[in-house]
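Start counting the sequence shown at 0; every next residue gets the next number (numbering that gives the first Met the number 0). Ideal placement from N, C-alpha and C gives every residue a C-beta, glycine not left out.
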Amino acid sequence: MNMPATDYDVIIMGGAFSGSAAAMMLKRDHPDMRVLIVERTTHFDRKVGESTSEVAGCFLTRVLHQSSHLSAKHYQKHGLRMWFCKTPQDSVDDLTEIGPRFQSRLATFQLDRSILDEHLLKEACDFGCELMRPATIKTITLSENEAPHTLEIMPQEGQMRTVTTKWIIDASGKAALLAKKLGIQHSIGDEHPTSSVWCRFRNVNDLDSFKSRKMFPKLTEQANCIRTTATNHLMGRGWWCWIIPLSDGSFSAGVTWDRRLYTLPEGPSLVARLQAHLVSHPVGRLMFENAIPDEGDTFYYKNLGYHAEYIAGNRWVMVGDAAGFMDPLYSQGLDFCGYTVSAATELVRKSLAGEDTQKITDYLNMAYPRSYRTWFEALYKDKYTYLGDAELMHAAFLMDLSTYFLGPVRGVYTNPDHEWKLMPYDGPIGGFFGRFMAFYNRRLVSIAQERVRKGIYGLKNHGHFLAPRMSMSPDTSAGRLLFDGIMVWLKAEISTWLAPAPPKEAMVMAKKPVTA
0 MNMPATDYDV IIMGGAFSGS AAAMMLKRDH PDMRVLIVER TTHFDRKVGE STSEVAGCFL
60 TRVLHQSSHL SAKHYQKHGL RMWFCKTPQD SVDDLTEIGP RFQSRLATFQ LDRSILDEHL
120 LKEACDFGCE LMRPATIKTI TLSENEAPHT LEIMPQEGQM RTVTTKWIID ASGKAALLAK
180 KLGIQHSIGD EHPTSSVWCR FRNVNDLDSF KSRKMFPKLT EQANCIRTTA TNHLMGRGWW
240 CWIIPLSDGS FSAGVTWDRR LYTLPEGPSL VARLQAHLVS HPVGRLMFEN AIPDEGDTFY
300 YKNLGYHAEY IAGNRWVMVG DAAGFMDPLY SQGLDFCGYT VSAATELVRK SLAGEDTQKI
360 TDYLNMAYPR SYRTWFEALY KDKYTYLGDA ELMHAAFLMD LSTYFLGPVR GVYTNPDHEW
420 KLMPYDGPIG GFFGRFMAFY NRRLVSIAQE RVRKGIYGLK NHGHFLAPRM SMSPDTSAGR
480 LLFDGIMVWL KAEISTWLAP APPKEAMVMA KKPVTA
């Protein structure tokens with residue numbers, strides 16, 4: 000590039016998943032590129048984001064080439080399972096379960112993020128990246144022309160360093176350094192007021208133990224697969240819990256809830272309130288009644304959803320959670336990390352090679368917020384209204400996952416060179432599917448509200464094992480499961496419409512928020 004000399008070609012702010020991935024992808028293809036990673040922590044904690052979906056699994060195995068590490072240090076994930084009940088006293092044998100009968104077909108993983116992030120950062124350094132750790136970025140001076148960007152960095156030990164760089168990649172996660180500095184971060188808390196608490200537990204009784212299967216024989220009869228290494232979700236109106244096994248024998252468990260619809264039970268501490276909530280569900284009671292929480296490993300976020308108004312500018316770009324986060328229900332946070340890192344590294348490479356990258360910058364600034372909005376309205380807007388109804392979630396499970404496999408999953412597996420540089424659900428076809436998904440999501444919300452009004456919410460939360468008739472694959476065969484989901488949806492529309500209206504007293508009770 001025709002610009003003054005700098006200390007570095009690229010400075011990456013943040014060394015966790017997105018930062019290390021970007022550093023590896025730049026340095027392995029361009030060994031002479033001068034890349035500095037600035038990481039503020041001495042070691043990574045075990046953050047939420049342990050479960051990957053199929054797109055993130057593809058990014059980890061086929062783009063970052065981490066198959067050996069993932070197989071040796073982490074659990075392979077065996078699908079998503081959802082559990083529904085009517086009362087906390089229900090037997091596990093009576094519950095409705097949604098999930099596959101067999102093991103997963105594509106690579107997905109239950110991650111210990113502290114182990115994975117440390118491993119990726121080491122690989123980035125092995126490729127030749129320079130690392131400052133622990134170090135805090137005190138000031139960022141962005142250039143508006145061809146002059147270098149300037150950062151003041153304070154190592155934990157040593158004197159302040161002033162460094163210059165041609166490019167900045169913001170991988171600072173939820174700290175979102177550039178978005179906050181530029182005043183372009185926006186919360187979706189008004190539309191999606193979700194909070195989350197999570198913790199690590201030991202002494203957990205897993206679903207495949209002798210104790211569990213002896214107490215509840217249907218756990219053996221209904222599915223020929225391991226349930227424990229799936230991502231198990233406990234479902235209720237206005238909330239859901241995740242249960243994820245980690246390779247050291249502990250379990251990550253948390254609850255995310257819509258504050259308009261649900262309130263956690265009272266308790267002396269966050270972890271006590273979380274555990275009280277977990278054991279209010281029959282599966283949670285089976286697994287966590289005698290579990291021991293790690294009090295020092297408890298986290299809380301009040302508002303989960305946010306995004307940047309735009310993600311790229313004059314030789315800077317945001318990736319991963321620094322650009323935005325939406326909702327953890329379908330474990331797709333790392334999907335956006337893969338997409339944004341791939342697009343950002345392509346942008347940086349072409350810019351440093353002297354190519355005109357304005358079209359790429361314009362595309363990212365248009366496509367990212369559009370993709371974010373499409374994905375949010377398609378999957379999450381007001382979804383917590385129907386999370387506790389097994390029939391409605393069965394329809395959503397089939398339609399949400401089949402459209403995901405028909406679109407993003409099929410794209411990254413069949414045409415990776417093209418798809419990774421784009422944002423998901425973008426373009427005419429992606430936009431069409433996004434609008435279709437947003438439409439059926441709105442209809443399911445309306446059906447759930449009508450079911451609450453009529454007192455028939457969750458009628459099928461007992462006695463059903465709702466397994467897809469075939470495995471999800473990254474090809475057009477997922478269209479058959481989309482058809483199945485549409486049929487479940489239409490039957491729910493009809494049965495709700497035909498149900499008799501409730502007495503006035505029941506209508507008053509239905510309007511009250513749920514508490515544990």
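Item, Value
"From Y7 to D320, what does the alpha carbon distance come to, in whole angstroms?", "24 Å"
"Pull up the DSSP beta-bridge partners for I136, would you.", "I152"
"Mind checking whether N440 and L378 have CB atoms under 8 Å apart?", "yes"
"Measure the CB-CB distance between W246 and R201 and report whether it falls below 8 Å.", "The residue asked about is misnamed: residue 246 is Ser in this sequence, not Trp. No; because the gap between Cβ atoms is not below 8 Å, this pair is not in contact."
"Could you give the residue range of the alpha helix (DSSP H) that holds S113?", "R112 to D125"
"When DSSP builds the beta bridges, which residues end up paired with C240?", "L233 and V254"
"Go through its chain and collect everything with a Cβ distance to G304's Cβ below 7 Å, but skip five positions before and after it.", "S186, I187, G188, H191, T193, F324, M325 and D326"
"Can you list, in chain order, the residues of its chain whose CB lies under 6 Å from that of L480, leaving out five sequence neighbours each side?", "L397, S401 and P467"
"Going by other Cβ atoms of all chains shown within 10 Å of its Cβ, with 16 needed for buried, is F431 buried or exposed?", "exposed"
"Considering only the alpha carbon of each residue, which of A123, D205 and K358 lies closest to G13?", "A123"
"According to DSSP, simplified to helix, strand and coil, what is Y261?", "strand"
"Cβ-heavy atom distance between Y329 and the ligand SAM below 7 Å?", "As presented, the structure is devoid of all ligands, the ligand SAM included, so that no description of it is given."
"Beta-carbon separation of K453 and E390 under 8 Å?", "no"
"Under the assumption that A178 contacts M365 (Cβ atoms under 8 Å), give the Cβ distance between them as a whole number of angstroms.", "Actually they are not in contact, since the Cβ atoms of A178 and M365 sit about 17 Å apart, beyond 8 Å."
"Taking S341 as the reference, which of S330, R314 and V411 has the closest Cα?", "V411"
"Can you pull the DSSP bridge partners for G406?", "Answer by DSSP bridge pairing: none, since G406 is not bridged."
"Would you mind sorting K173 into buried or exposed? The rule is 16 or more other CB atoms within 10 Å of its CB.", "exposed"
"Who pairs with V34 in a beta bridge, going by DSSP?", "V9"
"In the DSSP output, what is Q184 paired with across the bridge?", "A307"
"Looking only at C-alpha atoms, which of A395, K358 and W166 sits nearest to V487?", "A395"
"Can at least three beta-carbon pairs, one atom from the segment 106-115 and one from the segment 229-245, be found at a separation below 8 Å?", "yes"
"Compare the Cα-Cα distances from Y520 to each of M422, P368, V37 and L443 and report the closest residue.", "The requested residue 520 does not occur in the structure, where the chain is confined to residues 0 to 515."
"Can you name the start and end residues of the beta strand (DSSP E) that Y439 belongs to?", "That residue, Y439, is in no beta strand (DSSP E); its alpha helix (DSSP H) goes G426 to K453."
"Going by beta carbon distance, what residues of the same chain come within less than 7 Å of E288, once the five residues before and after it are set aside?", "V278"
"Report buried or exposed for T161, applying the criterion of at least 16 other Cβ atoms within 10 angstroms of its Cβ.", "exposed"
"Confirm, please, whether the CB-CB distance from K72 to I36 is below 8 Å.", "no"
"Quick one: any contact between the segment 334-349 and the segment 53-72, if contact means 3 or more CB pairs under 8 Å?", "yes"
"On the three-pair Cβ rule with 8 Å, is the segment 86-96 touching the segment 209-218?", "yes"
"Suppose you measure from the CA of G433 to the CA of T373; what does that come to, to the nearest Å?", "6 Å"
"Need the endpoints of the beta strand (DSSP E) that K76 sits in, please.", "Note, K76: premise wrong, no beta strand (DSSP E); not H, not E."
"In terms of DSSP beta bridges, what is G312 paired with?", "W315"
"Taking all protein chains shown into account, do 16 or more other C-beta atoms lie within 10 angstroms of the C-beta of W496, making it buried, or fewer, making it exposed?", "exposed"
"What does T163 pair with, by DSSP beta-bridge criteria?", "T149"
"Assuming contact is defined by CB atoms lying nearer than 8 Å, are R258 and G266 in contact in what I supplied?", "no"
"Report the option in L269, P154, G387 and E49 whose CA atom is closest to the CA atom of T135.", "P154"
"Give the single residue among P407, I291 and L79 whose Cα lies nearest to the Cα of C224.", "L79"
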